[in-house]
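The letter at position 144 of the sequence shown is residue 141 when you use the working numbering, and the numbering goes up by one with no holes.
We put the beta carbon where it would ideally sit given N, CA and C, even for glycine.
For reference, the structure discussed in these notes is given below.
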Amino acid sequence: MKIKICHIFDKISGQSDGVFIHLDMLLKYINSNRFEQIVIYQGGEIVEKKLKNLGVKLFKIPTLAKRFSIISIKKIYDILHDERVDIIHAHLIKPYIIAGLMNIFLRKKLIFNYHGLFINSIFHNFFERKILFILHNIICLTKVVDIAITPSKKSKENLISETKLFPQIKNYYNGFEKGNEDLIDIKIVTELKSLKFDSFLISFIGRFEIEKRVDLSLLILKKLIEKEHKVIIAYFGTGKLENEMKILAEELGINHCCKFYGYIPHLSNYLQYFDALLFTSDWEGLPITYWEAMANSVPIVSTDVGGAREILIDNNCGLVYPVDNVDAGVAEIIKLIRNEKLRLKMGFNGVQALQSKYNLEQFKLFFESLYDSLK
-2 MKIKICHIFD KISGQSDGVF IHLDMLLKYI NSNRFEQIVI YQGGEIVEKK
48 LKNLGVKLFK IPTLAKRFSI ISIKKIYDIL HDERVDIIHA HLIKPYIIAG
98 LMNIFLRKKL IFNYHGLFIN SIFHNFFERK ILFILHNIIC LTKVVDIAIT
148 PSKKSKENLI SETKLFPQIK NYYNGFEKGN EDLIDIKIVT ELKSLKFDSF
198 LISFIGRFEI EKRVDLSLLI LKKLIEKEHK VIIAYFGTGK LENEMKILAE
248 ELGINHCCKF YGYIPHLSNY LQYFDALLFT SDWEGLPITY WEAMANSVPI
298 VSTDVGGARE ILIDNNCGLV YPVDNVDAGV AEIIKLIRNE KLRLKMGFNG
348 VQALQSKYNL EQFKLFFESL YDSLK
């Protein structure tokens, strides 16, 4: 009999969304002869279309997007009970709290999948943090959560710094999934080649949300231009701050050195045309974009968050700098601009590390072994 796993989410977009990409890999590559996976999520046309294309059984609960909803709790409980789920795989804090409290009665196996944020998030006010802390204590003291998993060693350290109540915490690495190289827009390729012809071309990939600190990337670009470096940053992604960042680029007088492409599918197919990939985030788990850049021999310059140091420094395939430090980010990029040999070496190292350490097989082995151990 197959082991039945239910993934629960309250915020996935399907666009420039690392959590969704993680789910997509689980649904595609975990052995379907041994495991059945279903998904409870908050809805969304793009997400729904992509998940349906995978042939996965879906349960859409729009009220999950609300800060709190009794309706969501009741519906999730009924689904978990009626579907005879063996393992609840809760992604992010709200699904974990909901599943944990229900599991006091259901007594299923429960996994909390940490993706970079827990209780001490800027999205929670003081009162909410206190409530979440109490509920987390109840869940752990009643022994209804079996394990927490994190997408890097650093993420594991960050979670432990917030709580030591989980019975065990293990870290994993997402594997790299090579895309269909035929799915490419020739117009975009032609433009990128033209931009790179006489400029150092940097890619910035991510949602235009507060934690990504797109504003810092623009400040970094301004300083590079002031230092007379011919640099262009191409932005890929959408979000609520997109228009605000375009206005900021104009105010800084650097909009001629920015290209905003919005959301582009199969983005990994374009990374080979870049000299570097830039991250300015205040926090991350471990972005899938790391793997995509490494696969294309592109060095990465990132703030020292999540798994950045253990991937980029340990494998010598990128550079890290302190969070919220524009000057340090500028200095690291200049190293790559001035040293082509270093840039090429880091690109080569990234490919080697990806093939030997962060492949799909190790990803599948981790999760299939985890699910087997819980059943």
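For His86, the uninterrupted beta strand (DSSP E) segment begins and ends at Ile84 to His88. CA-CA distance, Ile101 to Asn240, rounds to 45 Å. For Val36, the enclosing beta strand (DSSP E) begins and ends at Phe32 to Tyr38. According to the DSSP assignment, Leu55 belongs to the beta strand (DSSP E) that extends over Lys54 to Lys57. Contact between the region 330 to 342 and the region 39 to 52 is absent, with fewer than three C-beta pairs closer than 8 Å. By DSSP's assignment, Gly259 forms a beta bridge with Phe233. Straight-line spacing of the CA atoms in Phe32 and Asn171 works out to 19 Å. A Cβ-Cβ contact shorter than 7 Å links Lys193 with Tyr270. Counting only residues of its own chain and dropping the five nearest sequence neighbours on each side, Glu188 has no CB closer than 7 Å to any other CB. Boundaries of the alpha helix (DSSP H) harbouring Lys243: Glu239 to Glu248, taken from the DSSP string. Residue burial annotation: Gln34 is buried, with at least 16 other C-beta atoms found within 10 angstroms of its C-beta. Beta-bridge annotation (DSSP): Thr300 is paired with Tyr318. Just measuring C-alpha positions, the residue of Ile43, Leu283, Lys106 and Ile330 sitting nearest Ser200 is Ile330. Ile244 and Ile183 have their C-alpha atoms spaced approximately 28 Å apart. Given a length threshold of 3 residues, each whole run of the beta strand (DSSP E) inside the region 164 to 192 is given here in chain order: 166 to 168.
Put simply, of Ser29, Gly326, Ile135 and Lys57 the residue whose alpha carbon is nearest the alpha carbon of Gly40 is Lys57.
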